[in-house]
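Quick note on our numbering: the sequence shown kicks off at 2 and runs consecutively. Report on the structure given below.
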Amino acid sequence: MINLFKRWKDNPQTTDEDRIEKEDVLKGEIPEHIAIIMDGNGRWAKKRALPRIAGHHEGMKVVRKVTKQANELGVKVLTLYAFSTENWKRPKTEVDYIMKLPEEFLNTYLPELIEENVQVRIIGDKHKLPPHTLRAVNKAIKDTDNNTGLILNFALNYGSRAEIVSAVQQIVQDIKDGSINENELDESVFSNYLMTQSLKDPDLLIRTSGEIRLSNFMLWQLAYSEFWFTDILWPDFNEQHLLQAIHTYQQRGRRFGGV
Numbered sequence: 002m003i004n005l006f007k008r009w010k011d012n013p014q015t016t017d018e019d020r021i022e023k024e025d026v027l028k029g030e031i032p033e034h035i036a037i038i039m040d041g042n043g044r045w046a047k048k049r050a051l052p053r054i055a056g057h058h059e060g061m062k063v064v065r066k067v068t069k070q071a072n073e074l075g076v077k078v079l080t081l082y083a084f085s086t087e088n089w090k091r092p093k094t095e096v097d098y099i100m101k102l103p104e105e106f107l108n109t110y111l112p113e114l115i116e117e118n119v120q121v122r123i124i125g126d127k128h129k130l131p132p133h134t135l136r137a138v139n140k141a142i143k144d145t146d147n148n149t150g151l152i153l154n155f156a157l158n159y160g161s162r163a164e165i166v167s168a169v170q171q172i173v174q175d176i177k178d179g180s181i182n183e184n185e186l187d188e189s190v191f192s193n194y195l196m197t198q199s200l201k202d203p204d205l206l207i208r209t210s211g212e213i214r215l216s217n218f219m220l221w222q223l224a225y226s227e228f229w230f231t232d233i234l235w236p237d238f239n240e241q242h243l244l245q246a247i248h249t250y251q252q253r254g255r256r257f258g259g260v
C-alpha cells in the first residue's frame, strides 16, 4: 500500500531530464475535466515566516497561470476547490481574507478571462457567502456566459456530503410530487441532481501539499478519476507540474471496471 501511495505521488524536485514538453503532452489524450485540491498555502507562508494570508494571495496568482495553461492545452473544465464547508472553522481573519480573494482575482483577471474565452462557474452553497464575494462571482458568471472555451469552475463553500444529502432530499420531494418515479432512479438520474449536473465527471484529480485524501471533495464524481498527488505546495505549483500530472495521466490505462 505504501508503494502504491508513492506511485501516486510525484517528486517535487524537477530536473531537466524529468521536464515534460507541452508539445509532447498535446500528442496524447488531454483530460477533459481536471479537478484540483489547492492545498498548502498556509504551510508555504509559514516556511517563509509570513502570515497565512500571504500564502493565499500567492496561491491566487497560481490560479491564473494554471487556468491559462489548461485553456491552451484544450482542457474543457477546470474545477478548483477554493473553500470547503469545513473551512469556516478557520480563524475569522483568515476566512474574511479568503472571501476577498475571488473579488480581487476576478476584478483583476476578468478581462483576460473574457478575452481568452473562459467561462466562469461556481458550485457550492452560495447562501453563506459574503455579499461582496457573491457580487464578484455573479458578475463574472454573467460576463462570461457567452464564452465557449474552458469552464473555470470554482468550488466555493462546497462540501460533497452536503451536496449528496441535498440531492437525496430533492429526489425524495420530486418522487412525492410525482415529478419522477422511484423506479426511474439510477446513477444517471442521481447525477442530474448534483451541482455538477451539466459537467462531465473529472478525469484527473490533482492534490498539492503531500496530503493523500479527498477532504469531502466531489466524492460521487471522482469514482473513476485518476489521482495525482504531489508534495509541492500550491503557491509553488506551476505550468510544468500541470504538464507532469497530465503526462502521468496519459500513461495510465482507464478500464472503468473492465479488463
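C-beta: ideal position from N, C-alpha, C; glycine also.
1) Give the C-beta separation of Pro-32 and Asp-146 to the nearest angstrom, bearing in mind that I take them to be a contact with Cβ-Cβ under 8 Å.
2) For Leu-157, I'd like the list of residues in its chain whose CB is within less than 6 Å of its CB, leaving aside the five on either flank, ordered along the chain.
3) Taking the runs of the alpha helix (DSSP H) that are 4 residues or longer, which of them lie wholly in the segment 111-192?
4) Leaving out five residues on either side along the sequence, give the residues of the same chain with a beta carbon under 7 Å from the beta carbon of Leu-234.
5) Identify the continuous alpha helix (DSSP H) that holds Thr-249 and give its terminal residues.
6) Please name the residue, chosen from Arg-162, Pro-131, Glu-104, that lies closest to Thr-86 on a Cα-to-Cα basis.
7) Buried or exposed, going by whether 16 or more other CB atoms sit within 10 Å of the CB of Ser-226?
8) What are the start and end residues of the alpha helix (DSSP H) that includes Glu-59?
9) If we call anything under 7 Å between Cβ atoms a contact, is Leu-153 one with Val-119?
10) Relative to the alpha-carbon of Lys-48, which residue among Pro-236, Ala-246, Lys-66 has its alpha-carbon at the smallest distance?
11) Could you tell me the boundaries of the beta strand (DSSP E) in which Glu-227 lies?
12) Can you list, in chain order, the residues of its chain with a C-beta nearer than 8 Å to that of Val-76? Leave out the 5 residues immediately preceding and following it.
13) For Gln-170, does the count of other Cβ atoms within 10 angstroms reach 16, so buried, or fall short, so exposed?
14) May I have the straight-line CA-CA distance separating Pro-1 from Asp-178, to the nearest angstrom?
15) Based on the DSSP output, what are the partners of Thr-80 in its beta bridges?
16) Please go through the same chain and pick out, in chain order, the residues whose beta-carbon is closer than 7 Å to the beta-carbon of Asn-72, but skip the five residues on each side of it.
17) Looking only at its own chain, which residues have a Cβ that is under 8 Å from the Cβ of Ile-115, when we skip the five neighbours before and after it?
18) Can you tell me whether Val-166 is buried or exposed? The criterion is at least 16 other CB atoms within 10 Å of its CB, across all chains shown.
19) With distances taken between CB atoms, is the gap from Leu-243 to Gln-70 smaller than 7 Å?
20) Return the first residue and the last residue of the alpha helix (DSSP H) that Leu-223 is part of.
21) Hey, how far is the Cα of Ile-176 from the Cα of Glu-183?
22) Within the continuous alpha helix (DSSP H) that includes Leu-27, where are the two ends?
A quick look at the data gives this:
1) For a cut-off of 8 Å, the C-beta gap from Pro-32 to Asp-146 is around 24 Å, too long to register as a contact.
2) Taken in chain order, the residues that qualify are Ala-83, Phe-84, Ile-123, Gly-125.
3) With a minimum length of 4 residues, the continuous alpha helix (DSSP H) runs that stay inside the segment 111-192 are 132-144, 161-178, 188-192.
4) Excluding sequence positions up to five before and after Leu-234, its CB lies within less than 7 Å of the CB of Gly-41, Arg-44, Trp-45, Thr-209, Ser-210, all in the same chain and listed in chain order.
5) Annotation: the continuous alpha helix (DSSP H) that includes Thr-249 extends over 240-251.
6) Cα-wise, what sits closest to Thr-86 is Arg-162.
7) Using a 10 angstroms sphere on the CB of Ser-226, the tally of other CB atoms reaches 16 or more, which defines it as buried.
8) Element bounds for Glu-59: 53-74.
9) Between Leu-153 and Val-119, the gap from beta carbon to beta carbon is short of 7 Å.
10) Out of Pro-236, Ala-246, Lys-66, Pro-236 has the C-alpha closest to the C-alpha of Lys-48.
11) Residues 227-231.
12) Within the same chain, Val-76 has close Cβ partners Ile-31, Pro-32, Glu-33, His-34, Ile-35, Leu-151.
13) It counts as exposed.
14) It is not possible to answer for residue 1, since the shown part of the chain is limited to 2 through 260.
15) Answer is Ala-36, Asn-154.
16) In its chain, beyond the 5 residues on either side, Glu-117, Val-119, Gly-150, Leu-151 have a beta carbon closer than 7 Å to the beta carbon of Asn-72.
17) Cβ neighbours of Ile-115 beyond the five flanking positions: Asp-144, Thr-145, Asn-148.
18) Looking at its Cβ environment, which holds fewer than 16 other Cβ atoms inside 10 Å, Val-166 is exposed.
19) Against a cut-off of 7 Å, the Cβ pair of Gln-70 and Leu-243 comes out as a contact.
20) No alpha helix (DSSP H) contains Leu-223, which DSSP labels as neither H nor E.
21) Rounded to the nearest angstrom, the two C-alpha atoms are 6 Å apart.
22) Where Leu-27 is concerned, the enclosing alpha helix (DSSP H) stretches over 23-27.
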